[in-house]
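What follows is a single structure, written as structure tokens, with notes after it.
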Amino acid sequence: MAYAPLLAVASLLTGCGSKDTPMIPIPADSSSYANVNAFATMHMVLDLTADFDLKTLAGTVELQFERRDPNATALVLDSRDLAITNAEAAVGTGAWIPTAFRLDAPTPAFGSALRITMPPGTDRARITYSSSPAAKGLQWLTPAQTAGRVHPFLFTQAQAIQARSFIPLQDLPGVRLTYDATIRTPKELVAVMAAEMTPGTAGSGVFTFRMPQPIPSYLIALAVGDLTFKAMSPRTGIWAEPSVVEAAAREFEDTEQMVAATEKLYGPYRWGRYDLLVLPPSFPFGGMENPRLTFATPTVIAGDKSLVSLVAHELAHSWSGNLVTNATWPDFWLNEGFTTYLERRIIEALYGKARADMEAMIGVADLADSRSTITVPRDKTLLPDMTGRDPDEAYSSVAYEQGALFLRFLEDKFGRQEFDTFLRKWFDTHAFESATTEDFLTFLKTELMARKPGVVTDAQVQEWLQAEGVPAFAVLPTSDAFTRVERARDAWVGGGPMTTLASTARVWSAHEWIHFVDALPRTLTQAQMRALDGQFRFTQSGNAEIAHVWFRLAIATRYTQAYAAMEDYMVRIGRRKLILPLYRDLAATPDGKALAVRIFAKAREGYHPMARASVEQVVK
Ligand code: BES
Ligand code: ZN
């Protein structure tokens with residue numbers, strides 16, 4: 020079993036009683052300096068001021084520990100680019116006493132260990148500090164980068180190991196904490212956190228929050244801006260800038276149904292509210308599953324709900340990830356592979372199997388494309404070696420899609436009903452715990468493989484985890500709709516009339532369009548590209564995913580008429596998954612490389628530090 024802190028709280032929430040358990044060691048985590056088997060964080064109290072002139076979050080953090088080693092006198096925390104001005108220690112609710120602290124020299128991958136002297140008996144530490152304007156986990160946006168263009172904006176992105184760039188703490192997913200927070204902002208702005216918000220604090224410049232469920236540090240999240248709220252159902256709603264909130268609420272109006280569908284499959288939603296925060300377009304991810312408050316890119320507001328699988332995905336993390344958390348970053352597939360599988364089950368429940376299968380096929384194509392760009396062989400497997408590396412360096416679609424295919428395979432072999440029961444039990448058994456790949460394999464063997472022997476072999480399981488490709492015995496999705504798209508493509512590429520293609524395509528959904536463009540030969544002539552664009556207006560597409568595959572085709576065929584629009588897209592949008600492949604494709608040729616460098620020079624300032632770092636790798 021994995022380490023579970025605050026068992027009293029966890030069992031209250033889960034309703035299943037767990038009594039006094041022996042102290043279970045927290046798994047070693049090479050991405051953190053924290054000495055978690057001496058002190059393990061239980062609770063945090065934050066008091067921070069967001070200063071938009073200085074671009075700093077500054078104030079105090081108090082950490083309350085379970086002392087796991089009564090003799091330990093040194094606490095080691097994670098930090099990155101923080102200015103530390105004071106450290107204090109205390110025993111229980113006793114008075115604070117100043118204590119010695121020291122910052123080690125930073126390493127590029129993990130930042131600086133912060134060493135604090137903890138006199139005998141002390142189990143609380145309070146640190147006074149300020150973040151750096153260049154903090155890797157923060158983006159400070161100018162008014163021009165927001166929808167309203169009047170107020171600045173700030174958001175955090177803690178996953179995987181950026182929480183340490185705005186809070187000194189034990190920054191690893193093997194430890195869970197509850198927290199209370201006070202956030203001070205300019206009076207005209209609103210702060211939101213992925214936590215329970217105290218009602219009635221708007222307009223005062225002081226906001227208070229409470230996170231009663233124990234979470235890993237990567238789920239700590241804050242945003243500050245000109246934000247307003249619109250309810251979608253009693254427990255779901257949208258936070259966004261005023262000019263965005265209506266469109267977002269329309270696009271995501273099925274969210275409540277998604278929550279209900281997921282509960283039916285995998286058990287109760289245990290986090291109270293489920294809201295979405297729609298960020299400005301520089302948000303470097305599609306979505307981030309911050310508890311109670313998913314952070315989302317506005318690029319999924321397509322007007323036709325075609326990209327709402329993002330909501331299904333981030334919502335699914337409320338079970339796979341937030342409830343049962345990867346114990347260390349090499350176990351990342353337990354978060355993302357499970358979530359991608361759950362996401363498609365939610366899509367199937369709401370919109371039917373045909374759509375879920377189309378999305379699964381797009382996923383398989385992503386997996387192949389993504390694997391082809393990976394240079395470290397083990398990064399092509401579900402179990403990358405992250406020793407000495409920032410987990411972000413190993414980030415790719417592999418954990419998502421190979422992981423989802425693995426679960427799809429298990430579902431196929433054991434039967435849906437059996438597998439659903441199994442997954443639900445996994446979430447219930449490990450609720451509010453961090454779990455390792457080993458934990459999962461043990462559970463799989465005892466709960467499924469031993470009960471139905473001979474259906475799946477150990478060797479197959481190992482191949483799923485260790486192979487650099489999709490196993491030959493995988494159960495791949497198929498789609499009749501995509502077969503029809505391919506037939507229409509072949510007819511047109513083979514010289515068939517545009518009118519025939521246009522009339523076939525009249526009923527296509529965004530998914531079929533994405534597949535059509537993505538599956539076009541990279542050898543199309545300028546005349547063919549012009550004909551397609553003239554007919555279907557791909558260059559002007561308002562669907563960010565269709566535009567993405569079109570721009571990739573444009574680069575491959577040197578269709579330069581699309582380049583101005585592509586450049587606008589790459590400057591306006593900071594979502595890594597949409598822009599990185601474009602930079603990568605461009606950088607593959609000398610002309611393209613020069614263009615990529617020029618676009619990046621223009622876009623750089625507006626990108627999140629993580630997007631900036633990723634693009635730099637590609638265009639350097
Ligand atoms: N948790 C991830 C985002 C993430 C992963 C941030 C690792 C930092 C490090 C989130 O749930 C996610 O997977 N987002 C996807 C959404 C998509 C698969 C629907 C994204 O951003 O593209
Ligand atoms: Zn995810």
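Each residue of the sequence shown is one higher than the one before, starting from 20 at the first, in this note's numbering. Ideal Cβ placement from N, Cα and C applies to all residues, glycine included.
- For Ala-454, the CB contacts under 8 Å within the same chain, skipping 5 residues up- and downstream, are Ala-21, Val-343, Thr-344, Asn-345, Ala-346, Asp-350 and Leu-353 in chain order.
- The beta-carbon separation of Phe-271 and Trp-258, rounded to 12 Å, does not stay under the 8 Å limit for a contact.
- Distance from the Cα of Ala-268 is smallest, within the candidate group Ser-301, Ala-321, Phe-228 and Val-243, for Ala-321.
- Nearest neighbour of Ala-166 by Cα position, chosen from Ile-135, Ala-213 and Leu-246, turns out to be Leu-246.
- In this structure Leu-572 touches Leu-539 by the C-beta definition: roughly 6 Å separates them, less than 8 Å.
- The C-beta separation of Phe-446 from Trp-338 comes to about 5 Å, placing the pair in contact by the 8 Å criterion.
- Taking all protein chains in view, the Cβ of Arg-617 is surrounded by fewer than 16 other Cβ atoms within 10 Å, so the residue is classified as exposed.
- In this structure the stretch 171-186 lies against the stretch 49-68, because at least three pairs of beta carbons, one per stretch, are closer than 8 Å.
- Taking the Cα of Ala-493 as reference, the smallest distance to any Cα among Pro-300, Leu-543 and Lys-432 is reached at Lys-432.
- In the DSSP assignment, Tyr-198 falls within the unbroken beta strand (DSSP E) covering 196-203.
- For Asp-404 and Gln-481, the gap between their C-alpha atoms comes out near 16 Å.
- In this structure, the C-beta of Glu-355 approaches the ligand ZN to less than 7 Å from one of its heavy atoms.
- Counting only residues of its own chain and dropping the five nearest sequence neighbours on each side, Gly-156 has a CB closer than 7 Å to the CB of Thr-175, Gln-176, Ala-177, Gln-181, Ala-182, Ser-184 and Phe-185.
- In the structure shown, the three-state DSSP call for Ser-391 is helix.
- Within the DSSP secondary-structure output, Met-212 pairs in a beta bridge with Leu-241.
- Going by DSSP, Gly-422 is part of the alpha helix (DSSP H) stretching over 417-433.
- DSSP places Ala-279 inside the alpha helix (DSSP H), whose first and last residues are 274-285.
- The nearest non-hydrogen atom of the ligand BES is less than 7 Å from the C-beta of Ala-179.
- In this model, Ala-546 and Asp-552 are separated by some 10 Å (Cα to Cα).
- With contacts defined by Cβ atoms closer than 8 Å, Glu-420 and Val-383 form a contacting pair.
- Taking one beta carbon from each stretch, the stretch 582-597 and the stretch 617-634 have 3 or more pairs nearer than 8 Å; the two touch.
- For Val-225, same chain residues with a beta-carbon under 6 Å away, outside a window of 5 residues either side, are Arg-203 in chain order.
- Ranked by how close their Cα comes to the Cα of Tyr-293, the residues Arg-503, Met-277, Thr-579 and Ser-301 have Met-277 in first place.
- Met-42 counts as exposed, since fewer than 16 other beta carbons sit within 10 angstroms of its beta carbon.
- Here Arg-86 carries a strand assignment [DSSP, helix/strand/coil].
- About 4 Å separates the beta carbon of Ala-119 from that of Thr-136, a gap short enough to meet the 8 Å contact definition.
- For Arg-229, no alpha helix (DSSP H) segment is defined; the enclosing uninterrupted segment is the beta strand (DSSP E) at 225-234.
- Sorting Val-395, Thr-400 and Ala-423 by C-alpha distance to the C-alpha of Glu-378 places Ala-423 at the top.
- Boundaries cannot be given for Ile-320, as no beta strand (DSSP E) includes it and DSSP labels it neither H nor E.
- Remark: the shortest separation between the CB of Tyr-419 and any heavy atom of the ligand BES falls under 7 Å.
- Shortest Cα-Cα distance from Ala-221 to any of Met-230, Pro-235, Pro-231 and Val-243 involves Val-243.
- Here the distance from the Cβ of Phe-438 to the nearest heavy atom of the ligand BES is not below 7 Å.
- Relative to Ser-415, the option among Lys-399, Leu-429 and Tyr-285 whose CA is nearest is Lys-399.
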